[in-house]
Amino acid sequence: MRSRITLSVATLAIAALALTGCVAGEGSGGEAAEAGAGGGAEGGELNIDYATYNPLSLVIKEKGWLEEELADEGVTVNWIQSAGSNKANEALRAEAIDVGSTAGSAALLSRANGTPIKTISLYSQPEWSALVTTADSDITEVTDLAGKNVAATKGTDPYFFLIQALGEAGVDEADVTVQNLQHADGNAALNNGSVDAWSGLDPIMAGAEAEGAELFYRNVDFNTYGFLNATESFLEESPELAQAVVNVYEQAREWAIENPEETAAILAEVAGLEQDVATTVIEERSNLDVDPVPGQAQLDVLEVVGPILVETGDVASQENVDKALAELLEPSFAEEATQ
Numbered sequence: 005m006r007s008r009i010t011l012s013v014a015t016l017a018i019a020a021l022a023l024t025g026c027v028a029g030e031g032s033g034g035e036a037a038e039a040g041a042g043g044g045a046e047g048g049e050l051n052i053d054y055a056t057y058n059p060l061s062l063v064i065k066e067k068g069w070l071e072e073e074l075a076d077e078g079v080t081v082n083w084i085q086s087a088g089s090n091k092a093n094e095a096l097r098a099e100a101i102d103v104g105s106t107a108g109s110a111a112l113l114s115r116a117n118g119t120p121i122k123t124i125s126l127y128s129q130p131e132w133s134a135l136v137t138t139a140d141s142d143i144t145e146v147t148d149l150a151g152k153n154v155a156a157t158k159g160t161d162p163y164f165f166l167i168q169a170l171g172e173a174g175v176d177e178a179d180v181t182v183q184n185l186q187h188a189d190g191n192a193a194l195n196n197g198s199v200d201a202w203s204g205l206d207p208i209m210a211g212a213e214a215e216g217a218e219l220f221y222r223n224v225d226f227n228t229y230g231f232l233n234a235t236e237s238f239l240e241e242s243p244e245l246a247q248a249v250v251n252v253y254e255q256a257r258e259w260a261i262e263n264p265e266e267t268a269a270i271l272a273e274v275a276g277l278e279q280d281v282a283t284t285v286i287e288e289r290s291n292l293d294v295d296p297v298p299g300q301a302q303l304d305v306l307e308v309v310g311p312i313l314v315e316t317g318d319v320a321s322q323e324n325v326d327k328a329l330a331e332l333l334e335p336s337f338a339e340e341a342t343q
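Residue numbering for the sequence shown follows my numbering, starting at 5 and increasing by one per position.
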């Protein structure tokens, strides 16, 4: 297996600090910084993210399966937490990570804006986004959002979920003030009254629901898949290492499907959730039993999201979207892993 020396220790430490979130279990950056400081092994490094919205990444990290798989190659595995798809995209763009977890919409956005990434596997087909408000709110449907403040993390599935929901309900986007807040901060803003609604993301959303928040609009069709992405440079320089990552992801998928309770327990520990809340996320809102090979089903979903990216000004042109759709998916690694 070819090895790959990635970033310097200092760069990894800075990237780790930049990627931290503020929700319980989302880390302070110390773990990632320590991993970078321990790098430089003869076999090189693998910089990979883990995220509470990607349960398989949590299982792999907890079980140490990547470290076990790569031990004979002398590869050091550095785990860096992504607080959201936008943060994973930032890290991939800066090459602070080689492999990162995003929603499909976020992967398309990143590729359409020039980040050279490829989707090498799918980790889930989740219902992880919905529109949320407080139990005492007078908001009961999407049309009630006209004239209101809504928190959403731009560049992520909840943001595109909100845009699609407004369009379906006939609400002009200009009539809604979107507060661009990271997922956990959006939940906090809803709780302290700074916004009227929040376009939420599990598992934070499931925790909020357990504490009394109302999910007033749900639509599984507005959620895109969970995409596992890698930088093109990593795939070109270390294809065997990329294959090892996807192989271990398939090991984790099989284990998680057979052990949903323990998977939920791992999520609960990392995300600071009650066990029953984590169980809801895993068993009711995360379809892990999905074909990992990215293909036409994902393109069909992203073709709906693409024009929204242009309309909102997040991507310069439909031409950029079409080019990204043609270049984003790289199914060969997942195909090999499932043979």
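Here a beta-carbon is modelled for each residue, glycine too, at the ideal position from N, C-alpha and C.
Computed from a predicted structure; not experimentally measured.
Less than 8 Å divides the Cβ of VAL309 from the Cβ of SER109.
Looking from the CA of LEU205, the closest CA among ASN93, GLU73, ASN58 belongs to ASN58.
The DSSP-derived three-state label of LEU245 is helix. Bridge pairing for LEU219: VAL136 [DSSP]. Rounded to whole angstroms, ALA212 and GLU236 show a C-alpha spacing of 37 Å. Between ALA330 and GLU73, the alpha-carbon positions lie close to 32 Å from each other. The Cβ-Cβ distance between VAL103 and ASN233 falls below 8 Å. Distance from the CA atom of ASP304 to the CA atom of VAL224, rounded to whole angstroms, is 15 Å. In the displayed model, LEU303 falls within a helix according to three-state DSSP. According to the DSSP secondary-structure assignment, ASN184 is paired through a beta bridge with ALA156. By the CB criterion at 8 Å, PHE337 and ALA246 fall inside the cutoff. The three-state reading of DSSP puts ASN117 in coil, since its state is none of H, G, I, E or B.
DSSP links LEU329 through a beta bridge to no other residue.
If you compare the alpha carbons of LYS91, ILE208, LYS65 with that of ILE286, the shortest gap goes to ILE208. Annotation: ASN82 to ILE121 spans about 19 Å, alpha carbon to alpha carbon. Note on geometry: alpha-carbon atoms of ALA269 and LEU277 lie some 9 Å from one another. The DSSP-derived three-state label of THR80 is strand.
For ASN90, the uninterrupted alpha helix (DSSP H) run begins and ends at 89-97, by DSSP. Pairing TYR253 with GLN302 gives a Cβ-Cβ distance that is not under 8 Å. The beta-carbon distance between ASP200 and LYS152, rounded to whole angstroms, is 4 Å. This is short enough to meet the 8 Å contact definition. Secondary structure of ASN58 (DSSP, three-state): strand. Annotation for LEU232: the continuous beta strand (DSSP E) segment containing it runs 230-235.
Comparing alpha-carbon positions, the option among GLN183, ALA193, LEU333, PRO162 lying closest to ARG222 turns out to be PRO162. When rounded, the separation of the alpha-carbon atoms in LEU135 and VAL319 is 24 Å.
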